[in-house]
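*Asks:* So the sequence shown is residues 13 to 367, counted in the working numbering.
Dumping the structure here so I can ask a few things about it.
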Amino acid sequence: MTAEWDLLANATLHEIEEFAANLLPSYAHDYYASGARDEQTFRGNLAGWGRWWLVPRMLNDVSKVSLNTSVLGNAISVPLIVAPMAAQRMAHPLGELATARAAAAAGTAMIVSTSTTTPIEEIGAVPGLTFFYQLYPWSDHDATIAMVERAIAAGAKAIVLTVDVTIDIDPKRRPRGGLVTPDWVTYPMHHEGARVLLTLDWAYFKRLRDQVKVPIVVKGILHPDDARRAIDAGADAIDVSNHGGRTLDGAIPTAEALPEVVEAVDGRVEVLVDGGIRRGVDILRALALGARAVVVGRPFLWGLAVGGEAGSRRIFSILSSELEQDAAMAGVSDIRAVPRDLVRMSRLGLVPELR
């Protein structure tokens, strides 16, 4: 571990991000950090959680705060799951393997990307790891099912179907002209010659649901009517997501979409949420708004770039510690029972960011 990393023992996620930006090659940092077009949604995700004020309750016994919960029947020690992120070996030689080890050490789950740079079997062999597999379907359906079956055989507990990539154009602001992947970066789950299927519809989802025997999470839902349709079609959970602000710029921030989706779901399935979560208090806000757990991406890339597995562990430690502390100060002793009235929408507009 470097002396520089030692200096960041008490760093915030923002400070770790700044340090990672100085370590990563520009092609990797630009790919990881960038949002679509003018990055309105990317910035809206970050700002959106600050619009929810906490209304803490007093004189509750918070001498012990439990962070334990479960997702899709899988026990996790904190309501924090690693998001699917492509090409993690561009951040660190161990890539997804280091992230998986950190997730296992934290006692929580990881979603592995279709564009993992580590074979799924190596990830699945990490002791104590709970992982789900994120799916970009191929235009070759047989190849898609073979990929899904390979992931399940490696230990995937669920499939996370991403539904918000609908055109074959990369709108990210950087790197301009698209990502130039180094020759040494390979994607062992990709099917040679196959292209991502861009014509997803409800009929396709039902076909997939009939063929996949593990739970399916639908990732990329923002409209409450789509949440209802997903459940009717057999979804086991919903991930409220706008792809981290990397697809449709101007799409609603997830902190604003979450309450309406939760209301539409009405407790029939679990709801996850991702996008812009950078503090433990953001997790607390999401739980109060009805999320079962949150899904976090970019901070783990910054930790990975700075310190490999130890860096990813540090991200878990920061967010878990902040969540435990903020829950106690808000009067919450069990994060499985965060009351809805703990949060209230600001009437004063967005709070200036101070990191």
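Yeah, the Cβ is synthetic: ideal placement off N, Cα and C, and Gly gets one too.
No experiment lies behind these values; they were computed from the predicted model shown.
On the three-state DSSP scale, how would you describe residue 341?
*Replies:* Residue 341 falls in the helix class under three-state DSSP.
*Asks:* Put residue 232 into one of helix, strand or coil per three-state DSSP.
*Replies:* Residue state, collapsed to three classes: strand.
*Asks:* Quick test of the definition: if touching needs 3 or more C-beta pairs under 8 angstroms, does the stretch 251-266 touch the stretch 315-323?
*Replies:* No, they do not touch.
*Asks:* Return helix, strand or coil for residue 93, following the three-state DSSP convention.
*Replies:* Here residue 93 sits in strand by DSSP.
*Asks:* Is it true that the CB of residue 155 sits closer than 8 angstroms to the CB of residue 226?
*Replies:* Not closer than 8 angstroms, so no.
*Asks:* Run through DSSP, which three-state label would residue 278 get?
*Replies:* Of the three classes helix, strand and coil, the one that applies to residue 278 here is coil, per DSSP.
*Asks:* Go ahead and pull the three-state DSSP assignment for residue 148.
*Replies:* Residue 148 falls in the coil class under three-state DSSP.
*Asks:* Using CA coordinates, which residue listed in 143, 139, 176 and 129 is at the minimum distance from residue 195?
*Replies:* Residue 129 is the option with its Cα nearest to residue 195.
*Asks:* Output the boundary residues of the beta strand (DSSP E) element that contains residue 300.
*Replies:* Counting along the chain, residue 300 falls outside any beta strand (DSSP E), though it belongs to the alpha helix (DSSP H) covering 292-300.
*Asks:* Does DSSP classify residue 109 as helix, strand or coil?
*Replies:* In the structure shown, residue 109 sits in a helix (DSSP, three-state: H, G or I).
*Asks:* Within the same chain, show all residues whose beta-carbon is closer than 6 angstroms to that of residue 255, passing over the 5 residues directly before and after it, in chain order.
*Replies:* 176.
*Asks:* Take the Cβ of residue 67 as the centre, count every other Cβ of all protein chains shown within 10 Å, and call the residue buried at 16 or more, exposed below.
*Replies:* Answer is exposed; the Cβ neighbour count stays below 16.
*Asks:* Quick check on residue 184: does DSSP put it in helix, strand or coil?
*Replies:* Here residue 184 sits in strand by DSSP.
*Asks:* Give me the Cβ distance between residue 290 and residue 35, rounded to the nearest whole Å; I'm assuming they're in contact under 8 angstroms.
*Replies:* Not a contact, Cβ separation roughly 19 angstroms.
*Asks:* Give me the Cα-Cα distance between residue 64 and residue 356, rounded to the nearest whole angstrom.
*Replies:* Rounded to the nearest angstrom, the two C-alpha atoms are 5 angstroms apart.
*Asks:* Quick one: grab the DSSP three-state call for residue 50.
*Replies:* The answer is coil: DSSP assigns residue 50 none of H, G, I, E or B.
*Asks:* Whole-angstrom Cβ separation of residue 193 and residue 99, contact assumed at under 8 angstroms?
*Replies:* Correct: roughly 7 angstroms between the Cβ atoms.
*Asks:* Can you have a look at residue 70 and say buried or exposed, based on whether 16 or more other CB atoms are within 10 angstroms of its CB?
*Replies:* Looking at its Cβ environment, which holds fewer than 16 other Cβ atoms inside 10 Å, residue 70 is exposed.
*Asks:* If you count every other CB in all the chains shown that lies within 10 Å of the CB of residue 171, and 16 or more means buried, which is it?
*Replies:* The residue is buried, with at least 16 neighbouring Cβ atoms inside 10 Å.
*Asks:* What is the DSSP secondary structure of residue 354, counted as helix, strand or coil?
*Replies:* Of the three classes helix, strand and coil, the one that applies to residue 354 here is helix, per DSSP.
*Asks:* Could you have a look at residue 86 and say whether DSSP puts it in helix, strand or coil?
*Replies:* Strand, per DSSP.
*Asks:* According to DSSP, simplified to helix, strand and coil, what is residue 266?
*Replies:* Three-state DSSP puts residue 266 in a helix.
*Asks:* In this structure, does DSSP put residue 196 in helix, strand or coil?
*Replies:* The answer is coil: DSSP assigns residue 196 none of H, G, I, E or B.
*Asks:* I'd like to know whether the C-beta atoms of residue 119 and residue 89 end up nearer to each other than 8 angstroms.
*Replies:* It is a contact, given that the beta carbons lie within the stated cut-off.
*Asks:* Does DSSP put residue 250 in a helix, in a strand, or in coil?
*Replies:* Residue 250 falls in the strand class under three-state DSSP.
*Asks:* Alpha carbons only, please: which of 122, 248, 348 and 279 is nearest the one belonging to residue 296?
*Replies:* For residue 296, the nearest C-alpha among the options comes from 348.
*Asks:* Helix, strand or coil for residue 318? Go by DSSP, reduced to three states.
*Replies:* Helix.
*Asks:* Whole angstroms are fine: how far does the CA of residue 73 sit from the CA of residue 369?
*Replies:* Residue 369 lies beyond the range of the chain shown here (13 to 367); nothing can be said about it.
*Asks:* Can you tell me the Cα-Cα spacing of residue 161 and residue 217, whole angstroms?
*Replies:* Those two C-alpha atoms are separated by around 16 angstroms.
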